[in-house]
């Protein structure tokens, strides 16, 4: 198996050591949901096209990592199910949806995974938990008003990928997440409590026509991995355990 990329997810995939024959995981791409540069999206698309050409030649299976964030599912009238219509409100989500369509029409054996907010080792400073921890330590936090986030332990995400590949799931788009949209204030409050801090909050408006309050559907994931909730302890307090695990260990690189 080959893992393409050098970032957070790629490093964790290498460390976790999953291995499936004739499989390529494309763990590279545009860094954040706020990117608007056509050059960045063009470079990402070119990398995907090259990988698809290779897989067409070699017969390898491609795992494409997409997003289940508000950039994809954030429109107020958008269901959060993989096989329903989506109206991505941000350029990042529109790009990911377009890349999914290219993968699906390529003729390559594939699995498309839409992932929520991953938390784990090797995260970069701009990512959610390191960013919030740094802000809490500074005494002031700036976040989107009424924002919600679905947190997923990166090791659990990789275990889910491992199971799906071992079971031969192919030609599917699958959401990976906890299924719980946690208010950002609850996440900040938990970090405050663990770090013994009390911070000032500054709220900025969310991008127009977007919401992150609707839970991401895990119906398909549950059909494919029937014990996924009990296996990984998913539920309303799951995010607290994820935060506790990585607040107790370095998360920045």
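In UniProt numbering, the protein residues as written are 1 to 253. Quick reminder that beta carbons are idealized off the backbone N, C-alpha and C, glycines included. All values derive from a computational prediction rather than experimental measurement.
With a threshold of 16 other beta carbon atoms within 10 Å, residue 58 falls short and is exposed. For residue 126, the three-state secondary structure derived from DSSP is coil. No residue range can be given for residue 225, since it is assigned to no beta strand (DSSP E) and is classified by DSSP as neither H nor E. Here the alpha carbon of residue 149 sits roughly 13 Å from the alpha carbon of residue 210.
Spatial neighbours of residue 190 in its own chain (CB-CB distance under 7 Å, excluding positions within 5 residues in sequence) are listed in chain order as 240 and 243.
Shortest Cα-Cα distance from residue 11 to any of 79, 102, 62 and 123 involves 123. Residue ranges of uninterrupted beta strand (DSSP E) with 3 or more members, entirely inside the UniProt domain "NAD-dependent epimerase/dehydratase" (20-177) and ordered along the chain, are 23-26, 61-67, 110-115, 117-119, 140-144, 151-153 and 172-176. When the alpha-carbon of residue 142 is set against those of 206, 60, 93 and 152, the nearest one is in 206. Distance from the CA of residue 146 to the CA of residue 74, rounded to the nearest whole angstrom, comes to 13 Å. Three or more Cβ pairs closer than 8 Å define a contact, and the segment 86-99 falls short of that threshold against the segment 176-186.
Sixteen is the threshold: when 16 or more other Cβ atoms of the shown chains lie within 10 Å of the Cβ of residue 78, as they do, the residue is buried.
In the three-state DSSP reduction, residue 18 falls in the coil class, being neither helix nor strand. Pairing residue 116 with residue 35 gives a Cβ-Cβ distance that is not under 8 Å. Nearest in C-alpha terms to residue 90, of all of 212, 226 and 233, is 212.
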